[in-house]
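In terms of the numbering used here, the sequence shown opens at residue 1077 and continues consecutively. The beta carbon of each residue, even a glycine, is placed where N, CA and C say it ideally should be. For reference, the structure discussed in these notes is given below.
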Amino acid sequence: MATASQWIAGARPRTLPAAVAPVVAGTGAALYADGAVWWKAVVCLLLSLALQVGVNYANDYSDGVKGTDDDRVGPMRLVGSGAASASTVKHAAFACFGVGGALGLVLAATSGWWLLLVGVAAIAAAWFYTGGSRPYGYHALGEVSVFLFFGLVAVLGTTYVQLGEFTGPSLAASIGIGALACAILVANNIRDIPTDTVSGKQTLAVVLGDRGSRVFFVILLVVALVTVWWLASYTPAALFGLLAFPWALRAATPIARGERGLGLLPTLRDTGIAELVYAIGIAVGLTLGA
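This is how it looks when you write it as structure tokens:
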């Protein structure tokens, strides 16, 4: 029986900024249009967190039963470490998806029933990332899904349920947030290149190789920071998003130095912080520029 602290570790708290940041940014875009609906923003936040924890438990389960985590370097996994049974972790993942689905129903009922299709797609993407017979995360498509669902869909969706429309600032923010969310995954997969190669998990990092993946990581950070200038075309106050630069620089330093294994854990931490600071910065800027 896993302890409470092990369940918390299995939920991978360092990935949670990737769930909070898009809701903050999307709400900032709604505030810019003077149309924020706070209770919907809270529901979006809870939904995003439920899906993030759900996908983390789902990955724990799927990688554990496939043996991918047998020689894992990094945070503990519940199934791979033997702390919890595979079926228990699977049920925990489905419980999180159930909570997310219920919250999605609330948003769909008040903002448009077509959003149910988006919700179904998001839950399916969360499960089939490492689950099923042909998980797309094992075929170099993980970053595409993260950019789509934790960037475009999450930010634009947060704005839409509050405003009833999509906006230019929301689109710009979604690209920046998506790039930083992808950077977190890239750093994670760079760390796991040796074990993923042995287990046959073809992540994008395995395909690009160590050097190519490190270059890609830096490009993603640059895309996010450059996007701030796009937002600044709506209001110069959006330049507050550049406050994330120190953490982005800190995140890139171990990547540039060629750190491996546990040496990349600071990169994961600092990229998550950079994404959250980025989202808060542009949200504050958009609010001031309203």
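Notebook entry, point to check: Which one or two residues does DSSP pair with Gln1278 in a beta bridge?
Noted result: His1215
Check: Per DSSP, what kind of secondary structure is Thr1311 in: helix, strand or coil?
Finding: coil
Next item on the list: Compute the beta-carbon to beta-carbon distance between Leu1352 and Ala1171, rounded to the nearest angstrom, for a pair I have assumed lies under 8 Å.
Entry: Going by Cβ atoms, the distance from Leu1352 to Ala1171 rounds to 26 Å, so no, they are not a contact pair.
Next item on the list: Please confirm whether Thr1343 and Thr1234 have their CB atoms less than 8 Å apart.
Entry: no
Margin query: Using the Cβ count rule (16 or more neighbours within 10 Å means buried), how would you classify Glu1219?
Written below: buried
Notebook entry, point to check: For Ser1246, does the count of other Cβ atoms within 10 angstroms reach 16, so buried, or fall short, so exposed?
Noted result: buried
Margin query: By alpha-carbon positions, which one of Gly1334, Val1304 and Ile1331 ends up nearest to Gly1357?
Written below: Val1304
Check: Do Pro1211 and Ser1138 have their CB atoms nearer than 8 Å?
Finding: yes
Check: Is Leu1217 closer than 8 Å to Val1262 when the C-beta atoms are compared?
Finding: no
Note to self: Can you confirm whether the segment 1277-1285 touches the segment 1223-1239 when touching is taken to mean that 3 or more C-beta pairs between the two stretches lie within less than 8 Å?
What the structure shows: no
Check: Are at least three pairs of beta-carbons, each pair with one atom in the segment 1111-1120 and one in the segment 1236-1246, less than 8 Å apart?
Finding: yes
Check: Which first and last residues belong to the alpha helix (DSSP H) in which Ala1080 is found?
Finding: Ala1080 to Gly1086
Item checked: Coil, strand or helix - Ala1112 by DSSP -> coil
Check: Looking at the structure shown, is Phe1242 part of a helix, part of a strand, or coil, going by DSSP?
Finding: coil
Note to self: Less than 8 Å between the beta carbons of Ala1094 and Gly1348, yes or no?
What the structure shows: yes
Next item on the list: Note down the Cα distance separating Tyr1205 from Asp1110, rounded to an integer number of angstroms.
Entry: 37 Å
Item checked: Through-space distance from Asn1264 to Leu1315, alpha-carbon basis -> 28 Å
Checklist line | Outcome for Ser1081 when other beta-carbon atoms lying within 10 angstroms are tallied against a minimum of 16 | finding: exposed
Next item on the list: Find out if the Cβ-Cβ distance for the pair Gly1174, Val1155 is shorter than 8 Å.
Entry: no
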